[in-house]
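**Q**
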Amino acid sequence: MFNKSANPTPLTLLCPIKNGAVGDQSFASLTREYLQTLEIHDRSPMAAVPNTFLCRFFILNDVFFEGSPAEEDHLQSQYLVFCCNFHGDLETYLRGFWQNAESHIRNTWRYCVAFDEVKNAESFVAYIKKCSVKTTFYFNGSSGEPLTEQLKALYLKQELSQFACDTQNHNPQQLRAAFQHFIERTQPTDLGSPTWHPGQNFIA
Amino acid sequence: MAGKLKGLQTLSLIHYARWVVIRPSQFPRLSKSQPKEKLKYAYTLFFSNFNGSWAQYVDSFHMAIPTGLNLAWYKNLRYPKSIPLQPFHRYILHNQIGTEHYYNPYPMASANDVKAALALKAELIKLAQSSENLSDEEFFRRYKAFLFQNQAHIGKMAPSPVVSLANQATQERRRLIKLYGRLESNQG
Numbered sequence: 701m702f703n704k705s706a707n708p709t710p711l712t713l714l715c716p717i718k719n720g721a722v723g724d725q726s727f728a729s730l731t732r733e734y735l736q737t738l739e740i741h742d743r744s745p746m747a748a749v750p751n752t753f754l755c756r757f758f759i760l761n762d763v764f765f766e767g768s769p770a771e772e773d774h775l776q777s778q779y780l781v782f783c784c785n786f787h788g789d790l791e792t793y794l795r796g797f798w799q800n801a802e803s804h805i806r807n808t809w810r811y812c813v814a815f816d817e818v819k820n821a822e823s824f825v826a827y828i829k830k831c832s833v834k835t836t837f838y839f840n841g842s843s844g845e846p847l848t849e850q851l852k853a854l855y856l857k858q859e860l861s862q863f864a865c866d867t868q869n870h871n872p873q874q875l876r877a878a879f880q881h882f883i884e885r886t887q888p889t890d891l892g893s894p895t896w897h898p899g900q901n902f903i904a
Numbered sequence: 123m124a125g126k127l128k129g130l131q132t133l134s135l136i137h138y139a140r141w142v143v144i145r146p147s148q149f150p151r152l153s154k155s156q157p158k159e160k161l162k163y164a165y166t167l168f169f170s171n172f173n174g175s176w177a178q179y180v181d182s183f184h185m186a187i188p189t190g191l192n193l194a195w196y197k198n199l200r201y202p203k204s205i206p207l208q209p210f211h212r213y214i215l216h217n218q219i220g221t222e223h224y225y226n227p228y229p230m231a232s233a234n235d236v237k238a239a240l241a242l243k244a245e246l247i248k249l250a251q252s253s254e255n256l257s258d259e260e261f262f263r264r265y266k267a268f269l270f271q272n273q274a275h276i277g278k279m280a281p282s283p284v285v286s287l288a289n290q291a292t293q294e295r296r297r298l299i300k301l302y303g304r305l306e307s308n309q310g
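Sequence lines, in order, name chains A and B. Residues in the first sequence are numbered from 701 upward in steps of one, following the numbering used here. Residues in the second sequence are numbered from 123 upward in steps of one, following the numbering used here.
(1) Quick one: what does DSSP say histidine 137/B is sitting in, helix, strand or coil?
(2) Does any CB atom of chain A fall closer than 8 Å to the CB of glutamine 290/B?
(3) According to the neighbour-count rule (16 or more other Cβ atoms, all chains shown, within 10 Å of its Cβ), is glycine 190/B buried or exposed?
(4) Taking any Cβ of chain B, which residues in the region 882-894 of chain A have a Cβ under 7 Å from it, in chain order?
(5) Are the region 215-222 of chain B and the region 746-759 of chain A touching by the rule of at least three beta carbon pairs closer than 8 Å?
(6) For the region 844-873 of chain A, which residues have a beta carbon sitting closer than 9 Å to at least one beta carbon of chain B?
(7) What does DSSP give as the partner residue(s) for threonine 752/A in the beta ladder?
(8) Return helix, strand or coil for serine 155/B, following the three-state DSSP convention.
(9) Going by C-alpha distance, which of Arg264/B, Leu215/B, Leu242/B is nearest threonine 889/A?
(10) Taking the alpha carbon of proline 745/A as the point to measure from, which residue in His870/A, Ala826/A, Val722/A, Gly796/A has its own alpha carbon closest?
(11) When you compare each of Tyr224/B, Met279/B, Lys203/B to phenylalanine 183/B by their alpha carbons, which one comes out closest?
(12) Locate the beta strand (DSSP E) running through proline 710/A, then write down its first and last residues.
(13) Within the continuous alpha helix (DSSP H) that includes serine 170/B, where are the two ends?
(14) For chain A, is any of its Cβ atoms less than 8 Å away from the one on glycine 303/B?
(15) Check each residue of the region 152-182 of chain B: if its Cβ is closer than 9 Å to any Cβ of chain A, include it; give the result in chain order.
(16) Mind listing which residues of the region 789-818 of chain A have their C-beta closer than 7 Å to chain B's C-betas, in chain order?
(17) Assuming valine 142/B contacts valine 763/A under a Cβ cut-off of 8 Å, what Cβ separation, rounded to an integer in Å, is found between them?
(18) With DSSP run on the structure shown, which of helix, strand or coil describes phenylalanine 839/A?
(19) Would a check of beta-carbon distances place glycine 899/A closer than 8 Å to chain B?
(20) At 8 Å on the CB atoms, spell out the chain A contacts of lysine 237/B, in chain order.
(21) What are the residues in the region 248-265 of chain B lying within 7 Å of chain A by C-beta distance?
(22) With 16 as the cutoff for other CB atoms within 10 Å, does serine 307/B come out buried or exposed?
(23) List the residues of chain A whose Cβ lies closer than 8 Å to the Cβ of glycine 277/B, in chain order.
(24) Which bits of chain A does phenylalanine 149/B rub up against, with CB to CB less than 7 Å?
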C-alpha cells in the first residue's frame with residue numbers, strides 16, 4: 701500500500717493508537733508529548749536515518765465536521781501519522797530507519813496497536829507496510845537525486861558563492877591558484893566529505 | 123488532472139506535496155481489539171512542504187492554480203472554491219492539523235536552492251576538469267564565463283528566522299518550560 705513511482709518516494713502511515721491512558725493522560729497525548737520534546741534539525745532523531753527527506757509526525761485525533769449538510773463522523777481510534785519522502789526502496793529505507801533510530805521508533809510507536817509485535821528490523825518493515833496508505837497524487841518540486849548528492853551540491857553552492865565574492869579582484873595568476881586550492885579543499889566529486897550534514901542549520 | 127495542476131511547477135516554493143484520499147475501509151486495522159471504523163465519508167489528506175510563510179504559500183496557490191485546486195477538491199464537502207480568497211483561507215484553517223515534529227535535511231535551502239546547487243555542481247566539476255591545461259589567462263576568461271552563465275545558481279544560504287512552524291512551536295515550548303517548568307498536556 702505504498703507508492704513506488706518516483707524518487708524520493710512518498711510514504712504515508714496511519715498507525716492506530718490504543719484507546720487507553722496512563723493515569724489521566726491518554727496514549728495519544730503521551731505520544732504527542734514525546735514528539736513535541738524532540739530536538740530539531742541536525743539533532744532530530746530523523747537526521748540519523750539515511751535518505752530521509754522532509755518528514756513529519758502528528759496525531760490525527762478525529763475527522764473534521766464541515767457543518768450542514770454533512771453528517772457528523774468520528775474516528776474510533778486516534779492515529780499517529782508519519783509522512784516522509786525517502787530515496788531508494790522501502791525495505792532498505794525502513795531497515796536503515798530501525799538500525800539508526802531504534803530507540804526513537806520504540807518511543808514513538810510504543811502506544812500503537814500491534815506495535816508490541818515489532819521486535820527487530822524485519823518485523824518493523826512488516827508493521828509499517830500494514831500501516832501504509834496509498835498516495836493518490838504526488839508532486840515533486842525539488843530533485844530526485846539521493847540525499848548525499850543534494851547535500852554535497854548545497855555545500856558546494858555555499859562555498860562557491862563565498863569564493864566568487866572573495867576572488868573578485870584577483871588577477872589571472874591569483875585566481876588560478878585560489879581556484880586550485882578551492883577544488884582541493886572542497887573535493888567536488890567526493891560525496892562523503894566535506895559536505896553538509898543532514899539537518900544542518902548553521903554555517904560552519 | 124496532472125495538466126490542470128501544471129502551474130504547480132511555477133510555485134517554486136514547494137519541495138514536495140501529496141494527496142492521499144482514504145476511504146473508510148482503508149484505515150489500517152491491525153488487531154481485532156482495535157474498534158472498526160464506522161465512517162460515512164472518504165477523506166482527503168493533503169500534505170505540503172514549502173518555503174516561506176503560510177499566507178505566502180496559500181495565496182500563491184490561489185493565484186497560480188485556482189482551477190487545479192478546484193478540480194482537486196471539488197468533491198469535498200463545503201469546499202468553497204479557491205476564489206475568493208477569504209472563504210478559501212477559512213476552509214484551510216478549519217481543516218488543517220498542526221505537526222508535532224518536522225524534519226528537513228536542509229533547513230537553510232529552498233527547493234530552488236536544491237535545484238540550483240545540483241546544476242551548479244555539475245558545471246563546477248566540468249570547469250575544474252576542463253581547465254587543467256589552460257593558461258592562467260585562458261582559465262580567467264573561462265572562469266568569468268562560468269560565473270556569468272551560472273549567476274542564477276550562485277547565492278549564499280543562511281538560517282531563516284522561522285524555518286518551520288514546528289521549529290517555532292519548539293522554541294516557544296522551551297521558553298515556557300524554562301519559565302514555568304513542565305507543561306501539562308490537555309490535548310488528546
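C-beta: ideal position from N, C-alpha, C; glycine also.
**A** With the given structure in hand:
(1) strand
(2) no
(3) buried
(4) Ile883, Pro888, Thr889
(5) yes
(6) Glu845, Leu847, Glu849, Gln850, Leu851, Lys852, Ala853, Leu854, Tyr855, Leu856, Lys857, Gln858, Leu860, Ser861, Gln862, Ala864, Cys865, Thr867, His870, Asn871, Pro872, Gln873
(7) Phe786/A
(8) coil
(9) Leu242/B
(10) Gly796/A
(11) Lys203/B
(12) 709-717
(13) Here serine 170/B belongs to no alpha helix (DSSP H); instead the beta strand (DSSP E) covers 165-172.
(14) no
(15) Leu152, Ser153, Ser155, Gln156, Pro157, Lys158, Glu159, Lys160, Leu161, Lys162, Tyr163, Tyr165, Thr166, Leu167, Phe169, Ser170, Asn171, Phe172
(16) Val813, Ala814
(17) The pair is not a contact, with the Cβ atoms about 13 Å apart (cut-off 8 Å).
(18) strand
(19) yes
(20) Ser842, Ser843
(21) Ala250, Asp258, Glu259, Phe261, Phe262, Tyr265
(22) Residue confidence for serine 307/B is low, a pLDDT of 47 falling below 50, so the modelled location carries little weight and cannot support an answer.
(23) Lys857, Ser861
(24) Leu714
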